[in-house]
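Numbering (UniProt numbering), first residue to last: 1 to 167.
Note that beta-carbon positions come from the ideal geometry of N, C-alpha and C, so glycine has one too.
Taking it in order: structure first as structure tokens, then the write-up.
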Ligand SMILES: CC(C)(COP(=O)(O)OP(=O)(O)OC[C@H]1O[C@@H](n2cnc3c(N)ncnc32)[C@H](O)[C@@H]1OP(=O)(O)O)[C@@H](O)C(=O)NCCC(=O)NCCS
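Here it is as structure tokens:
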């Protein structure tokens with residue numbers, strides 16, 4: 001199994017996989033245009049030349065990034081691919097100088113396997129102001145905020161680009 005940065009030729013398969021889960025309500029829908037715009041933040045897992053999974057690392061706050069659009073093709077579930085995609089994103093976040101990675105998820109046990117723990121959602125104000133305020137699920141959201149604190153190299157500076165939504 002190979003995990004690598006996504007390329008333009010992966011985008012249609014990524015779109016189909018994310019849309020498959022979005023139609024079930026497991027993921028937020030993503031347009032093809034938003035995937036193109038966020039290509040540099042996407043990573044993919046390939047098994048035998050077939051897309052097995054995808055993950056996005058999204059800047060939420062200057063020192064906080066978020067795992068998004070995590071999806072593994074059902075044919076490849078429970079083979080460790082989801083966990084490897086999350087760890088790939090975690091290492092990416094560390095390399096980019098982030099202090100923690102968060103996820104808003106219903107897959108609590110899975111993320112615990114990936115070294116995350118639940119935190120109060122109010123501890124991630126960037127998520128609230130970027131995404132939650134405009135969400136129809138705001139008052140009855142069933143996602144759990146989870147975080148993994150990273151080992152930070154204090155000589156690094158964090159990213160300073162303005163936050164951008166994936167949709
Ligand atoms: C959640 C998801 C990414 C997990 O992918 P996966 O490749 O099957 O997960 P892994 O094989 O890496 O599992 C890692 C560990 O978590 C456990 N795990 C995986 N899915 C789980 C689930 N739904 N409930 C409980 N435990 C789970 C596995 O048993 C494994 O434990 P182990 O290390 O003791 O064997 C996949 O089910 C998926 O794509 N779901 C639909 C989209 C989604 O919900 N994405 C998350 C949005 S935040």
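Have a look at residue i and residue j and give me their C-alpha separation to the nearest angstrom.
i           : j           : result
residue 24  : residue 144 : 18 Å
residue 136 : residue 128 : 13 Å
residue 130 : residue 59  : 11 Å
residue 126 : residue 16  : 29 Å
residue 105 : residue 142 : 8 Å
residue 73  : residue 44  : 11 Å
residue 96  : residue 138 : 30 Å
residue 9   : residue 37  : 14 Å
residue 33  : residue 68  : 16 Å
residue 7   : residue 50  : 14 Å
residue 39  : residue 140 : 31 Å
residue 88  : residue 31  : 24 Å
residue 78  : residue 61  : 32 Å
Could you spell out where the beta strand (DSSP E) holding residue i opens and where it closes?
i           : result
residue 66  : 64-72
residue 58  : 50-61
residue 139 : First-last for residue 139: undefined, no H or E at that position.
Should residue i and residue j be called a contact, given that it needs their Cβ atoms to be closer than 8 Å?
i           : j           : result
residue 168 : residue 82  : Because residue 168 is not part of the residues shown, which for the chain are 1 to 167, the question remains open.
residue 148 : residue 90  : yes
residue 85  : residue 55  : yes
residue 93  : residue 65  : yes
residue 2   : residue 46  : yes
residue 150 : residue 108 : no
residue 42  : residue 14  : yes
For residue i, which residues from the same chain have a beta carbon less than 8 Å from its beta carbon, with the 5 sequence-adjacent residues on both sides left out?
i           : result
residue 21  : 27 and 71
residue 113 : 83
residue 99  : 63, 64, 149, 150, 152 and 158
If you drop the 5 nearest sequence neighbours on each side, which residues of the same chain put their C-beta closer than 7 Å to that of residue i?
i           : result
residue 110 : 82
residue 76  : 47, 52 and 53
residue 29  : 19 and 22
Output needed for residue i: all residues of its chain with C-beta closer than 6 Å, excluding positions within five of it in sequence on either side, in chain order.
i           : result
residue 121 : 145
residue 118 : 144 and 146
What residue does the alpha helix (DSSP H) around residue i start on, and which one ends it?
i           : result
residue 128 : 125-130
residue 18  : 11-22
(message) If you measure from each CB to the nearest heavy atom of ligand 1 and keep those under 5 Å, what residues do you get, in chain order?
(response) 21, 26, 70, 71, 72, 77, 78, 80, 81, 82, 83, 105, 107, 109, 110 and 113
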